Amino acid sequence: MKKALLTLAIIGTAYASSYAQTNIFESGSNVGIGTHNPTGKLEIVGPYNGEQLVISRDVLAGAEGPGIIFKNIINNGTLQKISGIESQLMSGGVGAVSGSLNLYTVNNSNKINALSITPGGNVGVGTTTPSGALEISGQSNGDQLIISRNVLAGGEGPGITFKNIINNSTIEKIGGIESQLKSGGVGAVSGSLNLFTLNNSVKVDAISVAPNGDVGIGTADTRGYKLAINGNIRSKEIMVETSNWPDYVFESDYPLISLTELKNYIDHNKHLPDLPSAQEVTKNGINLGEIVKVQTKKIEELTLHLIEKDKQFDSLRRDNQSQQAQINELKDQLSKLLSKQ
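The sequence shown begins at 285 in the working numbering and counts up one residue at a time.
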């Protein structure tokens, strides 16, 4: 008898041990940790800063799917939802399963969508329907700000657009950043980057970066320059680096063109030597560093001509003074002769 009872005790202990280790529960059971009355598949109840924290399966109004909710005890002692994570079953056709994932908060009992991931992998911050790989919807000075993948009319490539809610509550694009695929030949990939704004619904190119790194402001056509600007520039100072500054004009062996030759050149060409013509400037513009260098050269040449003319004037002045002295002396002699008669 004692041997039979011992055998039954061993079997009972083994069964209890097996049940405790495998945590097998009946189908449809809810599991509670810290509570005897779990309201979802899993509910954990424990103190957190003196308040009650609950995690449970969440079945929301509106047929949202299963997930996790977080609750706290408020002043009246009742549990209230404060945030959660939910999964929604999306329409995927016969035999197809699609689901989205949403992280939300609760503000004054209102559900606020914080972060959503669609079945296609698009991520929305503040929206459950992101229209691109990433869309951020939030409040900015009372307006709705949206950043999303940008597919513009005209075949422009992906990028980022910025939108605001206007007076009629519709969302309108106000600016953005776009990337355009450029022809690079077989096996070659080239892309440009463009920052644009909208002025009365008209797209305005602000800053463009070409595949080779050239930058355009107000234009995407850099024409081979590292920086191209379509518009006026206001600046307190501009530093231009240049070489071969024309101090050589003051060397003794410099072939200074005569004023007669200069006049003949001007009469024929209608501009100074070394300077571009009006037609050339209209067509090609001017190189600021080169034009300042050439102008300095012309000023130095003019200075040499002025110095030479001053020498000539000084020589004429001395000659005039000498001639005047001779005239005065002749006058004195003539006056003396006349007085003796």
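The beta carbon of each residue, even a glycine, is placed where N, CA and C say it ideally should be.
Since the model is a prediction, treat every value here as computed from it, not as a measurement.
Collapsing the DSSP output to three states places K595 in a helix.
Checking the DSSP bridge columns, you'll see Y388 partnered with G368 and N397. In this structure, I583 is the residue among L572, S619 and I583 with its C-alpha nearest to the C-alpha of L556. Taking a cut-off of 8 Å for Cβ pairs, the region 570 to 577 and the region 543 to 552 do not touch, as fewer than three such pairs fall below it. Looking from the CA of E370, the closest CA among K355, S400, S382 and L590 belongs to S400. Apart from sequence neighbours up to five positions away, the residues of its chain that approach L559 with a beta-carbon distance below 7 Å are V578, ordered along the chain.
In the DSSP assignment, V409 falls outside any alpha helix (DSSP H) and lies within the beta strand (DSSP E) extending over V407 to V409.
For the pair S476 and E525, the Cα-to-Cα distance works out to about 29 Å. A Cβ-Cβ separation of about 5 Å places L479 in contact with A490 under the 8 Å criterion.
If only complete runs of 3 or more residues are kept, the region 485 to 518 shows the beta strand (DSSP E) at 486 to 493, 499 to 501 and 511 to 513, in order along the chain. E564 counts as exposed, since fewer than 16 other beta carbons sit within 10 angstroms of its beta carbon.
Across the structure, V488 and I396 are spaced so that their CA atoms are roughly 35 Å apart.
By the neighbour-count criterion, in which a residue is buried when 16 or more other Cβ atoms sit within 10 angstroms of its Cβ, K355 is buried.
Shown here, I461 sits in a strand according to DSSP, grouped into three states. Ranked by Cα distance from T544, the options H589, N516, Q607 and V493 are led by H589. Listed as beta-bridge partners of V576 by DSSP are no residues whatsoever. Scanning its chain for C-beta atoms nearer than 8 Å, with the 5 sequence neighbours on each side dropped, one finds around T580 the residues W529 and P530, in chain order. Considering only N604, G318, A494 and G508, the residue with the shortest C-alpha distance to S474 is A494. The C-beta of G497 has fewer than 16 other C-beta atoms within 10 Å across all chains shown, which makes the residue exposed.
If you look at N483, you'll find it in the beta strand (DSSP E) that goes S474 to N483. The beta carbons of P403 and S415 sit no closer together than 9 Å.
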